[in-house]
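Q: One structure is given below, represented as structure tokens, and several questions about it will come after.
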Amino acid sequence: MQTLWDHRYALRTQNMSGSTIRELLKLTQEPDIISFAGGLPAPEVFPVEEFSEACVRVLKDHGAQALQYGTTEGYQPLREMIARHSNQYGIQVTAENIMITSGSQQALDLIGKVFINPGDRILVESPTYLGALQAWNAYNAQYVTVPSDENGIMVDELESALRCGPKFMYVLPNFQNPTGVTIPLERRQKLVELAEQYGVPIIEDDPYGRLRFEGQHVPAVEVLDDRLHPNNGCYHGNVIYLSTFSKILAPGIRLAWVIASPNVIQKLVMAKQGSDLHTSTFNQMTAYQVAQHGFIDKHVMKIIDVYRQRRDIMLEELKNTMPAGVTWTRPQGGLFLWVTLPKQFDTSEVLLKAVKKRVAFVPGVAFHADKSGKNTMRLNFSNAQPDMIRIGIQRLAETFKETI
Ligand SMILES: Cc1ncc(COP(=O)(O)O)c(C=O)c1O
Numbered sequence: 004m005q006t007l008w009d010h011r012y013a014l015r016t017q018n019m020s021g022s023t024i025r026e027l028l029k030l031t032q033e034p035d036i037i038s039f040a041g042g043l044p045a046p047e048v049f050p051v052e053e054f055s056e057a058c059v060r061v062l063k064d065h066g067a068q069a070l071q072y073g074t075t076e077g078y079q080p081l082r083e084m085i086a087r088h089s090n091q092y093g094i095q096v097t098a099e100n101i102m103i104t105s106g107s108q109q110a111l112d113l114i115g116k117v118f119i120n121p122g123d124r125i126l127v128e129s130p131t132y133l134g135a136l137q138a139w140n141a142y143n144a145q146y147v148t149v150p151s152d153e154n155g156i157m158v159d160e161l162e163s164a165l166r167c168g169p170k171f172m173y174v175l176p177n178f179q180n181p182t183g184v185t186i187p188l189e190r191r192q193k194l195v196e197l198a199e200q201y202g203v204p205i206i207e208d209d210p211y212g213r214l215r216f217e218g219q220h221v222p223a224v225e226v227l228d229d230r231l232h233p234n235n236g237c238y239h240g241n242v243i244y245l246s247t248f249s250k251i252l253a254p255g256i257r258l259a260w261v262i263a264s265p266n267v268i269q270k271l272v273m274a275k276q277g278s279d280l281h282t283s284t285f286n287q288m289t290a291y292q293v294a295q296h297g298f299i300d301k302h303v304m305k306i307i308d309v310y311r312q313r314r315d316i317m318l319e320e321l322k323n324t325m326p327a328g329v330t331w332t333r334p335q336g337g338l339f340l341w342v343t344l345p346k347q348f349d350t351s352e353v354l355l356k357a358v359k360k361r362v363a364f365v366p367g368v369a370f371h372a373d374k375s376g377k378n379t380m381r382l383n384f385s386n387a388q389p390d391m392i393r394i395g396i397q398r399l400a401e402t403f404k405e406t407i
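Its first residue numbered 4, the sequence shown is counted upward by one per residue in my numbering.
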């Protein structure tokens, strides 16, 4: 049925077309499918009890404030807590550097709103986070891509991309979505130096940094940039850092934060006012209650134990079952690993066969701004139960063997 709206969509909606991948993924939502497709945390580790108690406490002790409008920047005690937490990881910031958002996805959208003019080029890793491309496509962004390997973005290829004059560069240094790889310190250092040399600011998206199963923590890109722009506790550098409570508490509360210089925060605040006024006061106050007294540090240990076990099972099953020619990454943390098939295969077609065997993944092309990566795929290991991971990978291996 046609309505009067049908010919009135803004030009920008032309770039919002629901991808064929999304259509394919609808197939993966049937109940008997083992899905490695989503990016969902394990529901078993949600701190339901803690939230339940915190909700009651917030309503009892601060009910009127919790149910009232709040400031766009976010709940001050939560901002201060995030500042203290960031300081522990070497990010020298105060609450002035922090804005709370309704998920990091909102932060990506607000960044698009504030910085992207139609046709602006954004430098992204190839592959990169699908949700960032979706957010910025709506602002008619163009992309300059830099390939990545098992150590993330290839900094040797960065200079030619920086010469294209991108508006900013977008990187995911820890346990990247989709590949699971982490950028080592030397590459981060080089990245920051080149960005400084070419005058290109950086968006650092870090939802998974706390979920490290093994190996050493690597300083954030923002920390390295901070060393180039020393400050007195209030960050004034060229990085906008994003992180979220989605993977360390629960995604349903839609709570995340941006760290940036105060000038950038001010602009983002104005953009957010036009978007949702502020993030739910009640959720912020409840998450603050839950997070107090070092709860997140303890809780993260629990999540890590579960995810490490699931990653190990997936890696073991891949090793036991996959035909020759199939390779995969070995992430040291996070939620995902990345599988590469021989060049001639198209994983979108493989997905149709896999779904018939009741197993699903996301075809890698979805994460490539330049539509490359047809022979790759993302597997999520956090959401399925261990025995389902084994069966799912066996089904996938059977599918590959019939295809390859
Ligand atoms: C790299 C990356 N950025 C942002 C997000 C969005 O997170 P949020 O739930 O905070 O909106 C995700 C979610 O999976 C992600 O993987």
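Beta carbons are placed, not taken as given, at the ideal position from N, Cα and C, and that holds for glycine. Note that the coordinates shown come from a computational prediction; the quantities given were computed from them, not determined experimentally.
Measure the Cβ-Cβ separation of Tyr72 and Leu280 and say whether it is below 8 Å.
A: Yes. Within cutoff.
Q: Quick one: does the C-beta of Ala259 sit closer than 7 Å to a heavy atom of ligand 1?
A: Yes, ligand 1 has a heavy atom inside 7 Å of this Cβ.
Q: Beta-carbon within less than 7 Å of His232's beta-carbon, same chain only, minus the 5 sequence neighbours each way: which residues are those?
A: Only His239 and Gly240 meet the Cβ criterion.
Q: With DSSP run on the structure shown, which of helix, strand or coil describes Ser385?
A: Looking at Ser385 - three-state DSSP - the assignment turns out to be coil, as it is neither helix nor strand.
Q: Pop quiz: Gly337 and Phe178 are said to be a contact at Cβ under 8 Å. What is the actual Cβ separation, rounded to whole angstroms?
A: The pair is a contact, with the Cβ atoms about 3 Å apart (cut-off 8 Å).
Q: Alpha carbons only, please: which of Pro130, Thr6 and Leu111 is nearest the one belonging to Asn140?
A: With distances taken between Cα atoms, Asn140 lies closest to Leu111.
Q: Do the segment 365-380 and the segment 50-59 meet, that is, are 3 or more Cβ pairs less than 8 Å apart?
A: No, they do not touch.
Q: In terms of residue numbering, what span does the beta strand (DSSP E) encompassing Trp260 cover?
A: Trp260 -> beta strand (DSSP E) spans Ala259 to Ile262.
Q: Below 7 Å, is the gap between the Cβ of Asn383 and the nearest heavy atom of ligand 1?
A: No.
Q: Contact criterion: CB-CB distance below 8 Å. Does Gln295 meet it with respect to chain C?
A: This model lacks chain C altogether, as it is built from one protein chain only.
Q: Please report the Cβ distance between Val147 and Ala135, rounded to the nearest whole angstrom; I am assuming they are in contact, meaning their Cβ atoms lie under 8 Å.
A: About 14 Å separates the two Cβ atoms, so there is no contact after all.
Q: Of all residues in the structure, which have a C-beta closer than 6 Å to any heavy atom of ligand 1, taken in chain order?
A: With the cut-off at 6 Å, the residues found are Gly42, Gly106, Ser107, Gln108, Tyr132, Gly134, Leu175, Asn180, Asp208, Pro210, Thr247, Ser249, Pro254 and Ala259.
Q: Could you pull the DSSP bridge partners for Phe339 from this structure?
A: Its beta-bridge partners are Asn383.
Q: For the alpha helix (DSSP H) containing Pro80, name the first residue and the last one.
A: Residues Gln79 to Gln91.
Q: If you draw a straight line from the C-alpha of Gly328 to the C-alpha of Phe403, how long is it?
A: Cα to Cα, Gly328 sits roughly 10 Å from Phe403.
Q: What separation, rounded to the nearest whole angstrom, lies between the Cα atoms of Thr97 and Leu318?
A: If you take the alpha carbons of Thr97 and Leu318, they lie about 41 Å apart.
Q: For a test of your reading of the model: does the CB of Phe348 fall under 7 Å from any non-hydrogen atom of ligand 2? Yes or no.
A: Only ligand 1 can be found as ligands here, which leaves ligand 2 out of the picture.
Q: Do the segment 348-367 and the segment 197-210 meet, that is, are 3 or more Cβ pairs less than 8 Å apart?
A: No: the two stretches stay apart, fewer than three of their Cβ pairs being nearer than 8 Å.
Q: Should Thr343 and Ala400 be called a contact, given that it needs their Cβ atoms to be closer than 8 Å?
A: No, the Cβ-Cβ distance between Thr343 and Ala400 is not below 8 Å.
Q: Please confirm whether Leu340 and Gly183 have their CB atoms less than 8 Å apart.
A: Yes, they are a contact pair.
Q: Please work out which residues of its chain come closer than 8 Å, Cβ to Cβ, to Asn286, disregarding the five sequence neighbours upstream and downstream, and give them in chain order.
A: Hits under 8 Å: Ile256, Arg257 and Leu258.
Q: If we ignore side chains and look at the alpha-carbon of each, how far apart do Cys237 and Leu7 end up?
A: If I take the Cα positions, the gap works out to 51 Å.
Q: Could you give the C-beta distance for Thr31 and Val261, rounded to a whole number, given that I count them as a contact under 8 Å?
A: Rounded, the Cβ-Cβ distance is 32 Å, inconsistent with contact.
Q: Is Arg314 buried or exposed, if buried means 16 or more other CB atoms sit within 10 Å of its CB?
A: Buried, by the Cβ-count rule.
Q: Check the DSSP bridge columns for Val147 and list the partner residues they point to.
A: Answer is Leu126, bridged to Val147.
Q: So, do the segment 73-85 and the segment 221-230 have three or more beta carbon pairs nearer to each other than 8 Å?
A: No, because fewer than three Cβ pairs between the segment 73-85 and the segment 221-230 fall closer than 8 Å, the two stretches do not touch.
Q: Taking just the CA atoms, how far does Asn100 sit from Pro265?
A: Rounded to the nearest angstrom, the two C-alpha atoms are 5 Å apart.
Q: Relative to the C-alpha of Pro44, which residue among Lys346, Thr284 and Tyr211 is closest?
A: Measuring from the Cα of Pro44, the nearest candidate turns out to be Tyr211.
Q: Can you give the Cα-Cα distance for Arg87 and Val61, rounded to whole angstroms?
A: The straight-line gap from Cα to Cα measures roughly 22 Å.
Q: Could you tell me the alpha carbon to alpha carbon distance between Gly41 and Thr131, rounded to whole angstroms?
A: The alpha-carbon atoms of Gly41 and Thr131 are separated by roughly 15 Å.
Q: Expressed to the nearest angstrom, what Euclidean distance is found between the alpha-carbon atoms of Ile316 and Glu128?
A: Looking at the two C-alpha atoms, the distance is approximately 28 Å.
Q: In terms of alpha-carbon separation, which member of Val267, Tyr244 and Thr282 lies closest to Lys116?
A: Comparing Cα-Cα distances from Lys116 to each of Val267, Tyr244 and Thr282, the minimum goes to Val267.
Q: Could you tell me the boundaries of the beta strand (DSSP E) in which Glu199 lies?
A: Per DSSP, Glu199 belongs to no beta strand (DSSP E); it is in the alpha helix (DSSP H), Leu188 to Tyr201.
Q: Quick check: what's the CA-CA separation for Arg215 versus Gln200?
A: Each residue's alpha carbon lies about 31 Å from the other.
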